[in-house]
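Going left to right, the sequence shown walks through residues 1 to 496 as the UniProt record's numbering numbers them.
Built from N, CA and C at the ideal position, the CB exists for glycine as well.
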Amino acid sequence: MPNTPQDLFPVPTPSPSRLSPAYWPGISHESTQVLRASLKENHEKFHVFFSPKGFHNHLAHYLLALWAMGADHDIIKAAYQHDSAHQLPAFESPEAITAEHFRDHLGDEKFYNAYLKFFTEAIQSKGVWAVLEEYIFDQKANFDGSDKAQPEMLNRFLDGLLHPMIHAGYGVEFGLPGTVVEGLASAAVHKASATAILPASLWASKPVSALESLTSRIPSALTLESSVSTSPSKNVHAFTILARILNDHQFEDVEKREDIGIFTKTVEKHSAALNMYVKEWTFDSSHPKEVERKIEELVWANVIIYGIGGWTKGEDFNSDFFYMHLVTSSLFLSSITANLKPASQELLLRGYFVECLAWWIGRGRPAFDIAAFFEADTAYPTPPGPFPAPHAKSLPSPTSPKATTANPWLPIIQSSLVVPDDHLPKLQRALAHYGSLYGTRAPGQPDFAETELPFAEKLDGSLFIRTAGLTNQRLLRVRDDVDVFRFWDRKGFYKL
């Protein structure tokens with residue numbers, strides 16, 4: 001991304017990270033033209049929120065996911081028309097935003113357009129990475145020590161169920177400065193609702209030692225004795241943090257809340273515990289592969305929360321709307337961290353993890369029946385019939401279901417491209433990529449087996465296709481002989 005005036009929505013380019021998804025076959029000149037025109041129109045015509053409650057405009061996310069998975073230009077055009085019908089029109093802000101007055105209107109959605117213009121000029125002048133460092137991760141962009149209200153931009157970047165990060169992440173992944181601008185402007189008009197778990201001390205804090213971990217967990221340490229690392233240099237895996245939270249009785253019987261209050265109430269009640277657990281998660285900045293290793297931990301943890309957490313033997317899959325966002329957002333960690341300073345990389349990953357933990361707890365903190373999940377017959381999902389007749393000499397045999405569904409990912413992706421929902425293609429794109437990236441993992445690997453999560457040794461690379469298949473089965477089920485789209489589950493996992 002050059003530091004000169006530029007087209008905000010050029011032809012997408014590959015991600016700066018090798019861990020990001022490749023583009024699927026199907027991309028064409030026509031689909032790219034429709035994509036770029038739609039992104040520009042969305043940028044100029046619509047606000048980042050489409051309701052007074054702060055519901056997010058997903059047009060850019062939706063169209064980019066479709067394009068990247070090879071959707072035809074007619075599908076992209078129809079998706080834009082479908083989603084743009086309920087967007088709020090853009091409007092001029094009451095006044096301009098300048099560097100001197102940057103913080104004056106943070107959290108005020110009336111200034112989205114002004115922040116859009118501010119970040120456009122900043123990125124054209126300084127470039128994407130310099131602007132991310134200065135306005136999201138730098139200490140002065142968060143806590144500057146003054147008596148004024150603090151900007152807390154990382155807090156805002158991760159607010160709103162991670163949507164500003166997701167939005168900017170699409171821009172970084174696809175090389176689209178205009179989409180990065182939208183994500184940053186979105187962050188600026190979000191609230192700083194997580195100060196208690198993203199405090200000023202985060203900019204100077206270090207992970208706790210094993211001894212500090214032990215003493216800080218009294219009196220609950222009696223139930224967590226086995227979870228205490230005996231060496232401060234030992235890697236504490238994200239799975240271990242999940243296990244410790246599952247064993248912590250203070251999180252039992254979480255009260256069901258209205259959607260809008262889930263996160264804030266959880267942070268208010270459990271900030272001390274959340275801070276403690278995320279500090280126990282180790283991050284060795286001296287290790288050359290640490291960022292990659294920790295992103296992989298977060299990916300697996302979030303897919304487990306959504307996929308295994310949503311599965312109970314003999315019951316319908318609970319395709320939780322909120323947990324789904326933990327999976328889709330994780331796709332952008334590799335792109336965003338690609339060119340950040342090491343300190344900023346750790347800030348993002350720690351901040352992201354603690355937000356995910358808060359959402360997991362706030363929705364009811366379901367346990368993970370890992371052993372039963374991998375015993376279930378879900379590793380090779382097939383779409384509901386009818387099927388085309390296979391070739392008479394099909395392999396492995398014309399009577400095998402694999403003769404008509406040779407790769408179970410293909411019908412899953414195919415259906416996600418045409419369902420009128422702006423979340424399903426994003427989720428299935430993420431899961432398909434993780435299936436490609438981590439699908440070769442066999443059960444019994446020591447890095448998982450040595451964590452404190454029960455039965456983690458049974459996890460294998462089929463997690464992603466199983467989760468994708470369960471999602472499609474839940475959302476695309478057939479009722480009364482009519483294909484009816486089922487929207488995401490919002491009932492949570494509450495016991496009360």
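Neighbour-count burial assignment, residue i, 16 or more Cβ in a 10 Å radius
i	result
K279	buried
H105	buried
K393	exposed
E315	exposed
R156	buried
G435	buried
D74	exposed
S231	Note that S231 scores 37 on pLDDT, short of 50, meaning its location in the model is unreliable and no value can be drawn from it.
F55	exposed
L395	exposed
P420	exposed
D489	buried
residue 497	Beyond the ends of the chain as shown, which are 1 and 496, falls residue 497; an answer cannot be given.
A192	buried
As assigned by DSSP and simplified to three states, the class of residue i
i	result
D83	helix
H167	helix
D489	strand
P384	coil
D253	coil
F49	strand
H325	helix
P151	coil
H190	coil
P89	strand
H237	coil
H433	helix
H56	strand
D447	helix
Cβ-Cβ distance between residue i and residue j below 8 Å
i	j	result
V303	T404	no
K45	A79	no
V236	I361	no
L64	Y170	yes
E465	P408	According to the sequence displayed, residue 465 carries Ile and not Glu. Going by C-beta atoms, I465 is nearer than 8 Å to P408.
L476	S415	yes
F9	G178	yes
S20	I76	no
S17	S285	no
R474	S319	yes
W359	F322	yes
R363	I262	yes
Proximal residues to residue i (C-beta, below 7 Å), its chain only, five neighbours per side dropped
i	result
L453	F239, T240, L242, A243
V291	T337, Q345
Cβ of residue i within 8 Å of any chain B Cβ
i	result
E134	No chain B appears in the structure shown, which is made up of a single protein chain.
Sequence-distant residues of the same chain with beta carbon closer than 6 Å to residue i, five excluded per side
i	result
residue 541	Because the chain here runs from 1 to 496, residue 541 falls outside it and cannot be looked at.
Could you tell me whether the segment 348-355 touches the segment 23-40, using the rule of 3 or more Cβ pairs below 8 Å? no
Three CB pairs or more closer than 8 Å across the segment 294-311 and the segment 126-143: no
Between the segment 141-159 and the segment 94-114, can you find at least three pairs of beta-carbon atoms closer than 8 Å? yes
Quick test of the definition: if touching needs 3 or more C-beta pairs under 8 Å, does the segment 305-312 touch the segment 362-378? yes
Taking contact to mean at least 3 C-beta pairs separated by less than 8 Å, is the segment 454-463 in contact with the segment 436-444? yes
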